[in-house]
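Residue numbers (the numbering used here): 175 to 446.
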């Protein structure tokens, strides 16, 4: 596994801060514009980048991100195009951790090992296959590890203890904790009651917990970190800016990420 996540969490632990992760769909609003948008995320201060590969049936995503995937698919963006965009990003930003959030169909369509090999060649650090449950994840985890990719797994407040143990055993890089039930999106108010989940993940020795789904304001960031998360991921709020401004979204994205990143500076934060 690459050491970019470990180095990032070590750096932030030393500073007493949490991580801010930014999510976008590759190819939205276009392949050329995606490079500018990814650069704006880094320039705004994102500690880690998570990207989605456009897919016609993204069951974990809400309407905002589904619409972004449809915009990209309408332009003919392919999985191969996405790996090319990631490879170009990696050449410009060699130290920023990059994760892919995708679905089993896209992995299996290329061939599991071929998918992870292409991800590794593009400089990807982690892959989260959102529709594969922990007890079906072993083949995906093995292929990921064979190619030095961190397999990221999802945990929720209602995840049974036995499943959390398996997530801790199989996961690497970070643990994606959903901040609320349902799909992604900034439309529904986030409700934080994650202390029990975060304590269980720490007890099981799971990778650092990062909260996603519904993170759209600095108050959300502060609440998540105060609850014990090692970081947050914000997606729909950023994708809305792309929907509004298209290829010219870079400045608004940079300003939004900078504001959200500023909320991560909670001194004394414990990141294990």
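Every residue gets a Cβ at the ideal spot worked out from N, C-alpha and C, and that includes glycine. Values in this document were obtained by computation on a predicted structure and should not be read as measured data.
Item	Value
Through-space distance from residue 206 to residue 151, alpha-carbon basis	Only positions 175 to 446 of the chain appear in the structure, and residue 151 is not among them; the question remains open.
Among 213, 219, 381, 247, nearest to residue 227 - alpha-carbon criterion	247
Distance CB(residue 372)-CB(residue 406) smaller than 8 Å	no
Residue 321 versus residue 418 - alpha carbon distance	38 Å
3-residue-minimum beta strand (DSSP E) runs that sit fully inside the region 222-292, ordered along the chain	222-226, 272-276
Validate contact between the region 178-197 and the region 250-259 using beta carbons, cut 8 Å, 3 pairs	no
contact_flag[the region 430-440, the region 374-394] where n(CB pairs < 8 Å) is 3 or more	yes
Exposure label - residue 266; buried when at least 16 CB within 10 Å	exposed
Assumed close pair residue 326, residue 350 - CB separation to whole angstroms, cut-off 8 Å	6 Å
Cut-off 8 Å between Cβ atoms - residues of its own chain near residue 182, not counting five sequence neighbours on either side	193, 221, 222, 271
Residue(s) in a DSSP beta bridge with residue 405	193, 384
Backbone CA spacing between residue 343 and residue 425 [nearest angstrom]	41 Å
Close Cβ partners of residue 264 (< 6 Å) along its chain, the five nearest in sequence each way excluded	297
Where residue 333 falls: helix, strand or coil (DSSP)	coil
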